[in-house]
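Numbering (UniProt numbering), first residue to last: 1 to 603. The beta carbon of each residue, even a glycine, is placed where N, CA and C say it ideally should be. Computed from a prediction, not measured in an experiment: that's the story for all the values here.
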């Protein structure tokens, strides 16, 4: 006969949930009631070895329609870690009201041999009858949730048909009163300004830029509980929403149609129709990335962490493809400029870089060593690099996306360089691949190996149409620096040597050196000086170079082709980033107006 000590312990985790935040700050609320009842039930089952865990899994103010809840996430993490044997809830709908989500949870519970117990419904999932009853109860629970949602939607539709705005903060440009929405004149002026500038410029970005540079802000509004909202700069999303919201023409948006509202309009119907006509002209059917032949859309991100999507534009019947940074919320708040790169050029740059990497024995060996390879096996795989590069060059375009999605784990684009992240495991497979079919890799093996190799390519791939590529500053007339004649003459000699190379293509290096009146070794060094960064050259011409820089040091050094390395080597400061956040102007200042003035708008 087994003793109590021989009985296995069932570690019980109590999960509680409340849909709203009402009374959560009270000492006794629904979460406390659920926990106390569940705790009492666990104590009544102590003879079965049940033991209540001290950890609290309470989700207050979270709906049961989804699984994105912090306490539930912690519970599932502890279940996967093996710290829980049984989940106890007051009612099954506290865990979830969705039949689909419940099936997902039960699969996890079954895999980990976790029992689910509902205290008030007197069943558990330790036997088949309990699982059947659970499914029936959950079906009715989901039915009840859908009925509640349907009644709420019917109420909202009825209010809209009667011209009333349903709940929430009043729209931008209005304030809420007992009589309904009333125009807030300061915000209404901004709304009229946005519509006026949109009709003049016919571009969303132009309006958003003017609003941002003017420092326009929303008014401070208060919720019923006294909490303040607003008082912040208008984001691009807010500006776009204003241009699309029929509330400003005296209508309320419904499902498929708009209803006449009780509130006063801010803009005229003529302005609204004109703005919607411009919006309709700017909306074009998006062309998907499939069929374009561009393969970096799912791999590419910029050095600020923003995903770069494939952006397609049309001009005179021709499609132009570019990779552009996504407009994330934090990027909008900081007014970060989006990176933009020509898709065709960037694809070719990645292809050329990978081909060069496969042919470079030193880089290829370094990448393969991350797998722990050495000796004859390392030599054998390195010898396959050139053949793999040739095979990459003839790979059909429709197979490149699957190939690179397996071979690469990410591609990061920075202002002056490109970092290509290579999966070493798939690199080995690609070297041994015969090319009989499309290369797809084995995604199931990726979690088993974290061996990576980052291939850094020094190249500027970001389009320079909007930002200057060269870090050249205008000479300051008030600056009293005197250029070093030896350094200036050295730059001129380098330019002359390059001109000789270009004009005398039939002359040898020795003959060119004789024309320059120097030895071939010095002539080669002079030609190499033409690869100095433009900001270094202009600083020498202006006399603002570091005082320690001498002619001999510059001439005798092996000038690196990387401009950033040159600045470090010769003591020059790093220039400011070309792609900086957009300039912010003083708050409260309207474009093209003096401080304290406001433009004239239509009434």
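Residue closest to residue i, alpha-carbon to alpha-carbon, out of the options
i: residue 333; options: 253, 349, 217 and 400; result: 217
i: residue 529; options: 506, 114, 487 and 101; result: 487
i: residue 385; options: 234, 374, 361 and 172; result: 361
i: residue 419; options: 346, 498, 209 and 446; result: 346
i: residue 417; options: 248, 437, 454 and 458; result: 458
i: residue 604; options: 20, 437, 515 and 573; result: This structure gives no information on residue 604, because the portion of the chain shown stretches from 1 to 603.
i: residue 264; options: 40, 309 and 175; result: 175
i: residue 179; options: 250, 430 and 262; result: 262
i: residue 480; options: 432, 187, 511 and 541; result: 541
i: residue 173; options: 234, 516 and 77; result: 234
i: residue 183; options: 198, 219 and 395; result: 219
i: residue 510; options: 503, 203, 145 and 519; result: 519
i: residue 111; options: 79, 93, 119 and 97; result: 79
i: residue 527; options: 546, 389, 499 and 278; result: 499
i: residue 335; options: 213, 320 and 318; result: 213
i: residue 193; options: 211, 177 and 204; result: 211
i: residue 552; options: 247, 537 and 525; result: 525
i: residue 244; options: 232, 271 and 222; result: 271
i: residue 438; options: 482, 460, 392 and 456; result: 392
i: residue 48; options: 454, 375 and 8; result: 8
i: residue 282; options: 313, 297 and 253; result: 313
i: residue 428; options: 252, 364 and 209; result: 364
Classification of residue i by the beta-carbon crowding that lies within 10 angstroms, buried from 16 upward
i: residue 473; result: exposed
i: residue 534; result: exposed
i: residue 450; result: exposed
i: residue 330; result: exposed
i: residue 556; result: exposed
i: residue 568; result: exposed
i: residue 118; result: buried
i: residue 255; result: exposed
i: residue 100; result: exposed
i: residue 462; result: buried
i: residue 322; result: buried
i: residue 120; result: exposed
i: residue 604; result: With the chain represented from 1 up to 603, any question about residue 604 goes unanswered, as that position is not in the structure.
i: residue 273; result: exposed
i: residue 1; result: In this prediction, residue 1 scores a pLDDT of 43, lower than 50, which makes its location untrustworthy; no coordinate-derived value is stated.
i: residue 46; result: exposed
i: residue 146; result: exposed
Inter-residue Cα distance where the pair is residue i and residue j
i: residue 69; j: residue 55; result: 16 Å
i: residue 378; j: residue 357; result: 16 Å
i: residue 495; j: residue 294; result: 40 Å
i: residue 370; j: residue 57; result: 42 Å
i: residue 82; j: residue 447; result: 21 Å
i: residue 14; j: residue 38; result: 7 Å
i: residue 62; j: residue 452; result: 40 Å
i: residue 155; j: residue 170; result: 18 Å
i: residue 559; j: residue 491; result: 13 Å
i: residue 415; j: residue 508; result: 38 Å
i: residue 93; j: residue 75; result: 16 Å
i: residue 475; j: residue 543; result: 10 Å
i: residue 90; j: residue 350; result: 57 Å
i: residue 202; j: residue 181; result: 30 Å
i: residue 16; j: residue 151; result: 26 Å
i: residue 276; j: residue 236; result: 18 Å
i: residue 215; j: residue 197; result: 16 Å
i: residue 400; j: residue 410; result: 15 Å
i: residue 72; j: residue 443; result: 29 Å
i: residue 445; j: residue 430; result: 14 Å
i: residue 177; j: residue 229; result: 16 Å
i: residue 95; j: residue 53; result: 18 Å
i: residue 424; j: residue 514; result: 51 Å
i: residue 191; j: residue 259; result: 21 Å
i: residue 287; j: residue 305; result: With a pLDDT of 46 at residue 287, under the threshold of 50, the modelled position of that residue is not reliable, and no figure is offered here.
i: residue 406; j: residue 320; result: 27 Å
i: residue 326; j: residue 307; result: 6 Å
i: residue 164; j: residue 143; result: 29 Å
i: residue 503; j: residue 521; result: 20 Å
Closer than 8 Å to chain C by CB, residue i
i: residue 22; result: The structure shown contains no chain C; it holds only a single protein chain.
Residue i CB to nearest heavy atom of the ligand ATP below 7 Å
i: residue 408; result: What this structure holds is no ligand at all, so the ligand ATP is not there to describe.
What alpha helix (DSSP H) runs, 4 residues minimum, are completely inside the stretch 17-61? 30-44
List, from N- to C-terminal side, the beta strand (DSSP E) runs of 3 residues or more that fit wholly inside the stretch 362-434. 408-413 and 418-423
Beta strand (DSSP E) segments (min. 3 residues) lying fully within the stretch 307-343: 308-315, 318-325 and 340-342
Secondary structure, alpha helix (DSSP H): runs of 4+ residues fully inside the stretch 526-562: 534-542 and 551-556
May I have a chain-ordered list of the beta strand (DSSP E) segments no shorter than 3 residues that lie completely inside the stretch 59-108? 86-89
Which ranges would you report for the alpha helix (DSSP H) in the stretch 197-272 if only whole runs of at least 4 residues count? 204-213 and 236-244
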